[in-house]
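Every letter in the sequence shown is one number past the one before it in our numbering, and letter 192, counting from 1, is 1242.
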Amino acid sequence: MRGSHTAQAQFIEANLSVQIKDRYERWPNFVEVFERRNLVAHGNLVVNRAYVENCRIAKLKGIDQVNIWTTLSLGTKYLHNAVDVLYEFGVLLFFVLWRKHIGDEVDSFEKINRICYELILAKKFKLASCLLDFCLHKQGRCCSDFVSRMMIVNLANCYKKMRDEDRCHKLIASVDWSASKDEFQICIASLRGNVEGVISLMPNKAISPKDFLNGQPLIG
1051 MRGSHTAQAQ FIEANLSVQI KDRYERWPNF VEVFERRNLV AHGNLVVNRA
1101 YVENCRIAKL KGIDQVNIWT TLSLGTKYLH NAVDVLYEFG VLLFFVLWRK
1151 HIGDEVDSFE KINRICYELI LAKKFKLASC LLDFCLHKQG RCCSDFVSRM
1201 MIVNLANCYK KMRDEDRCHK LIASVDWSAS KDEFQICIAS LRGNVEGVIS
1251 LMPNKAISPK DFLNGQPLIG
């Protein structure tokens, strides 16, 4: 446990028979956070060979443009992103360990969808999208069709909130929603900007369609 975070992750994978590092899209960013931490603690944020080499091994994009002796920074944007990366890794590690060793696989998907629901409400769209994408597409999916559809709606909503309309519409088009319940139909109509569809499906016509479309078409 006194080794690098890469060595610690490899130890967990080997001894608990789980895989996360190779399936975790932001693994290079995770490594970089701790390499930059080392620069803060031991080198006044001045880049050294260890930082460059370890980030290169982790395949961090752009590392070849970083020169040794360059002084890095810890801006607000970087710190917020670093917190998200650490949060994401922790949740995903718990998720894969839960699936493998702790509890009901179906329950693990329900719980992570709830976590993402709360993240979306907190406007953490990028973080929620990374978690949902991992659970839906980076490993075997073991959950009910209902939970799977909830996660797809929430992921599509993240893309929409991040103004990635193409990914949003491509994702919802990959699923047949024709036989889904009204709660899903309303979400899909909202994500597509279909005002008339939302109005026709709304159980309570006193709710403003405009308010709904500007809100959060998601399910938790």
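Where is the CB? At the ideal position from N, CA and C, for every residue including glycine.
Kindly identify the DSSP beta-bridge partner or partners of residue i.
i, result
"V1096", "T1121"
What three-state label does DSSP hand residue i in the structure shown?
i, result
"R1213", "coil"
"E1075", "coil"
"C1208", "helix"
"K1109", "coil"
"C1193", "coil"
"N1244", "coil"
"K1174", "coil"
"E1233", "helix"
With burial defined as no fewer than 16 other Cβ atoms inside 10 Å of the residue's Cβ, what is the status of residue i: buried or exposed?
i, result
"S1158", "buried"
"E1085", "buried"
"E1103", "exposed"
"I1202", "buried"
"L1171", "exposed"
"N1207", "buried"
"S1240", "buried"
"P1267", "Interpretation of P1267 is limited by its pLDDT of 48, a score under 50 that renders its predicted location unreliable; the figure taken from the coordinates is listed afterwards. Burial call: buried."
"L1124", "exposed"
From this set, the options, which residue's C-alpha is nearest residue i's C-alpha?
i, options, result
"F1080", "D1134, F1144, A1229 and H1219", "D1134"
"W1119", "V1096, V1197, L1066 and A1178", "V1096"
"K1188", "E1063, Y1074 and S1054", "Y1074"
"R1191", "V1156, S1224 and V1225", "V1156"
"Y1137", "K1210, S1179 and M1252", "S1179"
Give a single yes or no on whether residue i has its beta carbon closer than 7 Å to a heavy atom of the ligand SAH.
i, result
"R1076", "Ligands are entirely absent from the displayed structure, and the ligand SAH is therefore not among its contents."
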